[in-house]
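Working notes, beginning with the structure itself.
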Amino acid sequence: MSLNRNPKILILATGGTIASKSTDKGFVPQISGIELLQLIPEIANQTRVDVNQLMNIDSSDMQVSDWQKIARACQDAIEQKYSAIIITHGTDTMCYTASALSFLLPDLKIPIILTGSQKPAVLSDSDGPQNMKDAFCVANSKLKGVYIVFNHKIILGSRAYKMYTQNFDAYISRNYPYVGYVKDEKIEILTYPKILNSKNIPNQDVGQFELCPEVALLKVTPATKPEFLSFIGKSGYQGIVIEGFGTGGISNLNHGMLDEIEHIISKCNIPIIMISQCMYEGVNLAVYGVGDQAAKAGVISGNDMTTEIAIVKLMWLLARTKDMKQIKKAIAYNFCDEITDYL
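Residues in the sequence shown are numbered consecutively from 20, following our numbering.
Given below as structure tokens:
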């Protein structure tokens, strides 16, 4: 592997499967970032690399405060003139962290790459070392922004979705082209995504890393009762993301549900964003009557956003404004290629 010796790259180690060892309680993160790097000596010997062990946890334990900690560490590294950042991370919530960093780190001039593995790096058949090698290849590229690099694919952080629980080809890019591929240590870049511009951030008086964690997710079923939504509205949440049917349907026959939605939005000033349970394409509330009535009740279309980016985007917006009109406008706005303009 031939890498440019000039870039100074920072590894932010956070744990996950890639850093795990087998214990009597199952796989548990125990390997340090330095130990991970030692598993790939050809990289350690040819590239200037520093390691910052931020945490060593299962990504299922990752909290909103951890996203903020990672974002602050990235910002510090940017100010220290690192040319790229590689974040080793558990796969289960990697898309949430990638989504958060996409909004918490505006005006990026370097690549921030999240990677990990489906099998611990210490195992002989692990995908971890190859994913790390690919991440370093991308770190030497001209890309800017937040990406997941996994199984030779370069995926925009705001569009990544974990498709498989164990398959090495864990992630797909939802409703957005793959940014590129890494093959035989060479990069093919197909598109250069939009980066969050700080000039477009609402209410810039709010701190860069502020998020409102009080956002709930509701996946509706044919049996969902209005009382469940009412409970969410009374539980201190400031925003709700609903995964609706198809292009954005909620049962019209259950009139209590629409009444409760309208009450939560208009009386409690809690925004409700609708995204689709379907894997591809997205919400269009104008197609069917069930969607039209949801829109008339005040539901905001999340178009083709992933669940992770919809939740994080609403957290980010609620930390900056509680004005419903501003939130509706901002949800539809494409900040970092997280949403398609035309839907």
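All C-beta atoms in this analysis are idealised placements derived from N, C-alpha and C, irrespective of residue type, glycine included.
Computed from a prediction, not measured in an experiment: that's the story for all the values here.
Item: Ordered list of beta strand (DSSP E) runs contained in the segment 233-264, each at least 3 residues; Value: 234-238, 258-263
Item: Through-space distance from Ile132 to Val309, alpha-carbon basis; Value: 40 Å
Item: Three-state secondary structure (DSSP) of Leu336; Value: helix
Item: Assumed close pair Pro125, Val157 - CB separation to whole angstroms, cut-off 8 Å; Value: No, Pro125 and Val157 are not in contact; Cβ-Cβ is about 20 Å, not under 8 Å.
Item: Length of the line joining the Cα atoms of Gly34 and Tyr195; Value: 28 Å
Item: DSSP three-state assignment for Tyr115, whether helix, strand or coil; Value: helix
Item: Inter-residue CB distance, Arg193 and Met298 (contact presumed, cutoff 8 Å); Value: 7 Å
Item: Spatially closest choice to Cys114 from Asp153, Tyr200, Gln82, Ala103, by CA coordinates; Value: Gln82
Item: Beta-carbon separation (whole angstroms), Gly135 vs Thr110, contact threshold 8 Å; Value: 5 Å
Item: Continuous alpha helix (DSSP H) stretch holding Met276: start and end; Value: 274-285
Item: Short Cβ contact (9 Å threshold) for Ala32 with Leu73; Value: yes
Item: C-beta atoms of Ala140 and Ile50 nearer than 9 Å; Value: yes
Item: Bridge-paired residues (DSSP) for Met293; Value: Ile261, Ser320
Item: Beta strand (DSSP E) runs contained entirely in the segment 161-232, provided each spans 3 or more residues; Value: 164-169, 172-175, 179-181, 190-192, 199-202, 205-208
Item: C-beta atoms of Gly275 and Tyr307 nearer than 9 Å; Value: no
Item: Which listed residue (Lys341, Asp342, Gln296, Ile261) has its alpha carbon closest to that of Ala314; Value: Ile261
Item: Beta-carbon contacts of Ala316 that lie in its chain and below 6 Å, excluding the five residues immediately before and after; Value: Leu277, Ile280, Glu281
Item: CB contact flag (Asp356, Pro221, <9 Å); Value: no
Item: Candidates Asn322, Ser285, Met293, Asp360, of which the one nearest Asp342 by Cα; Value: Ser285
Item: Boundaries (first-last residue) of the beta strand (DSSP E) holding Leu142; Value: Premise fails: Leu142 is in no beta strand (DSSP E) and is neither H nor E.
Item: Gln149 vs Ala119 beta-carbon contact at 9 Å; Value: no
Item: Any non-hydrogen atom of the ligand NAP closer than 8 Å to Gln223 Cβ; Value: In terms of ligand content, the structure shown is empty, and the ligand NAP therefore cannot be addressed.
Item: Cβ-based neighbour list, Gln223, same chain, cut-off 8 Å, excluding 5 preceding and 5 following; Value: Ser217
Item: Contact set for Phe187: own chain, Cβ-Cβ below 7 Å, skip 5 residues either direction; Value: Gln137, Asp146, Asn170
Item: Own chain, CB closer than 8 Å to Ile28, minus 5 neighbours either side, in chain order; Value: Thr66, Arg67, Val68, Asp69, Tyr101, Ser102, Ala103, Ile104, Ile105, Phe155, Ala158
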